[in-house]
Amino acid sequence: MKEILSNKQGLLADESATIAMGKKLADIVKTQLKQGIVVYLYGDLGAGKTTLTRGFVQGMGHIGHVKSPTYTLVEPYELHDWLVYHFDLYRLSDPEELEYMGIRDYFADNCCCFIEWPEKGLGMIKAPDLRIDLAYSDEQRTINIQAKTALGELVINALS
0 MKEILSNKQG LLADESATIA MGKKLADIVK TQLKQGIVVY LYGDLGAGKT TLTRGFVQGM
60 GHIGHVKSPT YTLVEPYELH DWLVYHFDLY RLSDPEELEY MGIRDYFADN CCCFIEWPEK
120 GLGMIKAPDL RIDLAYSDEQ RTINIQAKTA LGELVINALS
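Have a look at this one:
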């Protein structure tokens with residue numbers, strides 16, 4: 000099977016640009032994909048992973064605060080026909096812990112899963128449709144979005 004390697008790179012000038020990118024991803028999911036997606040988020044602490052996810056959750060229709068799931072491992076958002084799960088696996092000590100919380104139930108067709116620190120849950124979490132890397136660039140952030148599945152390819156094409 001051919002590995003999918005399409006990617007989209009860019010610069011995010013500030014927090015509002017990062018939120019706008021998250022909202023753009025949400026719009027693509029709602030209007031073009033019409034199904035859930037799994038996104039792995041990579042980047043140092045403070046690089047914008049939660050900010051990007053906040054934009055996505057708001058773009059999917061959530062009104063209110065979007066908080067980091069650093070201490071809860073997952074923050075769920077039930078939005079009309081969608082379920083959005085924001086995972087932060089930074090404090091996970093053993094991937095087996097995910098089995099006890101019913102991790103498989105989070106990856107249904109109408110679920111969008113944004114997973115920070117996914118390497119901590121390998122073997123227990125679904126493979127990504129997209130890999131997003133965020134990095135510092137002075138006061139701005141660079142973003143690299145890489146498709147990992149055909150669904151991810153559709154997102155990259157919609158962003159182009």
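Residue 100 in numbering that gives the first Met the number 0 sits at position 101 of the sequence shown, with consecutive numbering throughout.
Even for Gly, the Cβ is constructed at its ideal location relative to N, Cα and C.
Here the structure is a predicted model, which means the values were calculated and not measured.
Where does residue i fall in DSSP's three states?
i, result
"A126", "coil"
"E140", "Per the sequence presented here, residue 140 reads as Arg, with Glu not at that position. R140 falls in the strand class under three-state DSSP."
"V154", "helix"
"Q34", "coil"
Are residue i and residue j closer than 7 Å when you measure CB to CB?
i, j, result
"K66", "L88", "no"
"G47", "T69", "no"
"N156", "N6", "no"
"E74", "H85", "yes"
"V38", "I131", "yes"
"C111", "V83", "yes"
"G42", "N109", "no"
"L133", "R140", "yes"
"T52", "F113", "yes"
"F55", "A25", "yes"
"L40", "E115", "yes"
"G58", "K33", "no"
"P117", "K147", "no"
"T50", "E14", "yes"
At which residues does the beta strand (DSSP E) containing residue i begin and terminate?
i, result
"K7", "6–11"
"I105", "Per the sequence presented here, residue 105 reads as Tyr, with Ile not at that position. Segment: none, Y105 is in no beta strand (DSSP E) and carries neither H nor E."
"E118", "No beta strand (DSSP E) contains E118, which DSSP labels as neither H nor E."
"V83", "81–87"
"V73", "73–78"
Start and end of the alpha helix (DSSP H) containing residue i?
i, result
"I18", "14–27"
"V56", "48–58"
"L97", "95–99"
Under the criterion of a Cβ to heavy atom distance below 6 Å, does residue i qualify as lining the ligand ATP?
i, result
"G60", "As far as ligands go, the structure on display features none, and thus does not contain the ligand ATP."
Original post:
Just checking, does the stretch 94–108 make contact with the stretch 50–62 on the three C-beta pairs under 8 Å criterion?
Top reply: Remark: fewer than three beta-carbon pairs, one from each stretch, lie closer than 8 Å, so the stretch 94–108 and the stretch 50–62 are not flagged as touching.
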